[in-house]
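Counting from 33, one number per residue, gives the positions in the sequence shown under this note's numbering.
Even for Gly, the Cβ is constructed at its ideal location relative to N, Cα and C.
Keep in mind that this is a model prediction, so the values were computed, not measured.
Below is one structure, written out as structure tokens; comments come after it.
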Amino acid sequence: MLLAARLRSTFVSGCLIATILIAGCARPITATGINGPQNELWTGRISLQVQSEPAQSFSAGFELKGKPERGELTLISPLGNVLGILRWSPFEAVLDSGNQKIQRFSSVDALMEQATGAAVPLSALFAWLQGDNASVNGWSADLSRHSEGRISAKRAQPTPQVDLRVVLDQ
33 MLLAARLRST FVSGCLIATI LIAGCARPIT ATGINGPQNE LWTGRISLQV
83 QSEPAQSFSA GFELKGKPER GELTLISPLG NVLGILRWSP FEAVLDSGNQ
133 KIQRFSSVDA LMEQATGAAV PLSALFAWLQ GDNASVNGWS ADLSRHSEGR
183 ISAKRAQPTP QVDLRVVLDQ
């Protein structure tokens, strides 16, 4: 009994030391704030409405990391479950929708269309998040509430019409 207690105490002490050593190696996120110009991490809620037949509506929490060239978008349900993870690089785009369902795409544009039901311009989304009103053919962005962490964009052409809204965590 005494030996078991001593082994348990040694194990707990070892775990505590390992945790401290691992935490000492961790790096903080290098964002300058939710709306900062150097930001490579955004979190909040995203809503997408596609005026197709039938109409599609999508809303989720999100965490967006990276840049237009290479990054990751995690979509999260209101209950906190991961709905899907979108990853892209110059060489491939991947949609991981859980349960070992992984789909590969030739481009991030094809990936975004499959995941959201509309071709959302990812490069422009990154620009809009930084407060830059990047122009994209067919899209118009409203950044008038960017300082409040709110962005909206609409696509009129090509059809179907799309309404995108983003609310950033403050």
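Determine, using beta carbons only, whether residue i and residue j come nearer to each other than 8 Å.
{"i": "Phe94", "j": "Leu107", "result": "yes"}
{"i": "Leu118", "j": "Lys97", "result": "no"}
{"i": "Val194", "j": "Ala150", "result": "yes"}
{"i": "Ala185", "j": "Ser176", "result": "no"}
{"i": "Ala125", "j": "Ser109", "result": "no"}
{"i": "Pro86", "j": "Phe158", "result": "no"}
{"i": "Trp160", "j": "Leu143", "result": "no"}
Where does residue i sit, in a helix, a strand or coil, going by DSSP?
{"i": "Phe94", "result": "strand"}
{"i": "Ser155", "result": "helix"}
{"i": "Asp263", "result": "A question about residue 263 goes unanswered here, because the residues of the chain that appear run from 33 up to 202."}
{"i": "Gln202", "result": "coil"}
{"i": "Glu124", "result": "coil"}
{"i": "Ala188", "result": "coil"}
{"i": "Ser179", "result": "helix"}
Would the C-beta of residue i count as close to the ligand PLP, meaning under 7 Å from any of its heavy atoms?
{"i": "Gln193", "result": "Judged by which ligands are present, the structure shown has none, so any question about the ligand PLP falls away."}
Pop quiz: residue i and residue j are said to be a contact at Cβ under 8 Å. What is the actual Cβ separation, rounded to whole angstroms?
{"i": "Arg77", "j": "Ser91", "result": "7 Å"}
{"i": "Ser182", "j": "Ser79", "result": "Inspection of the sequence shows that residue 182 is occupied by Arg rather than by Ser. 11 Å between Cβ atoms; not a contact."}
{"i": "Pro153", "j": "Val168", "result": "4 Å"}
Can you say whether residue i is buried or exposed, counting buried as having 16 or more other CB atoms within 10 angstroms of its CB?
{"i": "Asp201", "result": "exposed"}
{"i": "Leu111", "result": "exposed"}
{"i": "Gln132", "result": "exposed"}
{"i": "Gln189", "result": "exposed"}
{"i": "Arg187", "result": "buried"}
{"i": "Ala147", "result": "buried"}
At a Cβ threshold of 8 Å, is residue i touching chain D?
{"i": "Glu104", "result": "The structure shown contains no chain D; it is built from a single protein chain."}
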